[in-house]
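For the sequence shown, this note's numbering begins at 164 and goes up steadily by one. Virtual Cβ for every residue (Gly too), placed ideally from N, Cα, C. In what follows, a single structure is set out as structure tokens and then discussed.
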Amino acid sequence: MALVRVREHVNPLANRYKAVRPMPDWSTIYADLSQPLHIDIGCARGRFVHQLATQQPDWNYLGLEIREPLVLQANEWRDAAQLENLHYLFCNANIMLRTVLASLPSAVLQCVSIQFPDPWFKKKHHKRRVVQPPLVQDLADYLPAGAQIFIQSDILDVAAEMRDRFTANAAFQPQSTDWLAENPMPLPTEREIGVLNNQDPVYRVLFTRV
164 MALVRVREHV NPLANRYKAV RPMPDWSTIY ADLSQPLHID IGCARGRFVH
214 QLATQQPDWN YLGLEIREPL VLQANEWRDA AQLENLHYLF CNANIMLRTV
264 LASLPSAVLQ CVSIQFPDPW FKKKHHKRRV VQPPLVQDLA DYLPAGAQIF
314 IQSDILDVAA EMRDRFTANA AFQPQSTDWL AENPMPLPTE REIGVLNNQD
364 PVYRVLFTRV
């Protein structure tokens, strides 16, 4: 199936992305709903979690993405691969994350990743960035102790803002005072591979829910 073409950036504050959508019956999505869950916020085409779901069948994976055509395509790829531990959800994480988390079984969520989010460089557009204090608090309210948050970006300002917003919440503790030199995830994203191939830096932090 050919790649669908979509706009690279979508304004999450637009009215069309403010609707709260009903959640699926997760027991019909995952073969084993009791497995630990990894949510990738802003998963784009979803290849990162698709590869993880293939390599680690004892985990469930959920990709959240605001561009619906990418979600439809990713779920088609999932179906073609017959993966029963992977799903993609069309949603605006800044509006719907709390609804998503509340719909899941308690304590299954063990990892959340936010990787190379849209930078929205203009100061007046910073409110469009995905890591806002309410999103951090939603994660603090629903993640069990010991769960991990992994963030990374190739834009220092974006990475520092994400780091500072999680650090400001007492529920999260960074595992290092410095940027991580290596990615703690089992595999990199396509974006990370491209950035590193250009010999550009990547700024990473891993947090633990305390």
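For residue i, the three-state DSSP class (helix, strand or coil)
| i | result |
| --- | --- |
| Val373 | coil |
| Arg367 | strand |
| Met164 | The predicted model places Met164 with a pLDDT of 49, which falls under 50 and marks its position as unreliable, so this point remains unresolved. |
| Pro337 | strand |
| His201 | strand |
| Asn238 | helix |
| Leu233 | helix |
| Asn360 | helix |
| Asn178 | helix |
| Leu374 | Because residue 374 is not part of the residues shown, which for the chain are 164 to 373, the question remains open. |
| Ala323 | helix |
| Trp342 | coil |
| Ala243 | helix |
| Arg184 | coil |
Proximity of residue i and residue j at Cβ, strictly below 8 Å
| i | j | result |
| --- | --- | --- |
| Ala303 | Ala334 | yes |
| Asp317 | Phe284 | no |
| Ala207 | Leu246 | no |
| Asn257 | Leu298 | yes |
| Leu272 | Phe313 | no |
| Ile277 | Val263 | no |
| Gly209 | Ala244 | no |
| Val365 | Glu353 | no |
| Leu249 | Arg241 | yes |
| Ser266 | Trp342 | no |
| Asp301 | Leu260 | yes |
Sequence-distant residues of the same chain with beta carbon closer than 7 Å to residue i, five excluded per side
| i | result |
| --- | --- |
| Pro347 | Phe313, Leu369 |
Paired residues, beta bridge with residue i - DSSP
| i | result |
| --- | --- |
| Gly226 | Asp203, Tyr251 |
Residues near residue i by beta carbon distance below 6 Å, same chain, minus five either side
| i | result |
| --- | --- |
| Met164 | Since pLDDT at Met164 reaches only 49, below the 50 mark, its modelled position is unreliable, and the value read off the structure follows with that caveat. Excluding residues within five positions, none has a Cβ falling inside 6 Å. |
| Cys274 | His201, Gln311 |
Kindly provide the ranges of any alpha helix (DSSP H) runs that are 4 or more residues long and lie completely inside the segment 247 to 320, ordered along the chain. If we require 4 residues or more, the alpha helix (DSSP H) runs fully inside the segment 247 to 320 come out as 256 to 266, 296 to 305.
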